[in-house]
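Asker:
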Amino acid sequence: MHIIQWKVISLKKENRIATCEELCRYIKEEVKPGDTVRLSLGRVYIPGKVVTNNAGVLQIKIDSDMIKGLTTIDVEKLKEYLIELEHECEGGVCLIEAVDE
12 MHIIQWKVIS LKKENRIATC EELCRYIKEE VKPGDTVRLS LGRVYIPGKV VTNNAGVLQI
72 KIDSDMIKGL TTIDVEKLKE YLIELEHECE GGVCLIEAVD E
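12 is the number of the first residue of the sequence shown in the numbering used here; add one for each residue after it.
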């Protein structure tokens, strides 16, 4: 079982231990169109604004210095590579770090 720890830094702070399934559930339920996310998947860093979230399949508009355009990420299929998610929304900023136990 792959276990990760997530740290939520927001208006309220809390530390949690979570499985990858719980992290994927967070993305499916909490990440909304218009939110800004920064995903670290392996050695790939993906910053952008969420266009759609279809049950954990994120469409993200990337507007960085080197890469521009839309990309689609299926978080469930890539969860073993997920290192970190930074999620900006109206309620604040959530930083969720994946840590092997």
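Note that CB positions come from ideal geometry on N, CA and C, so glycine has one too.
It should be emphasised that the depicted structure is a prediction, and the values quoted were computed from it without experimental measurement.
Have a look at G80 and Q70 and give me their C-alpha separation to the nearest angstrom.
Answerer: 10 Å
Asker: Can you say whether I78 is buried or exposed, counting buried as having 16 or more other CB atoms within 10 angstroms of its CB?
Answerer: exposed
Asker: Would E101 be called buried (16 or more neighbouring beta carbons within 10 Å of its own) or exposed?
Answerer: exposed
Asker: Where does K43 sit, in a helix, a strand or coil, going by DSSP?
Answerer: coil
Asker: Find out if the Cβ-Cβ distance for the pair V42, V48 is shorter than 8 Å.
Answerer: yes
Asker: Give the list of continuous alpha helix (DSSP H) stretches no shorter than 4 residues that lie fully inside the stretch 65-97.
Answerer: 86-89
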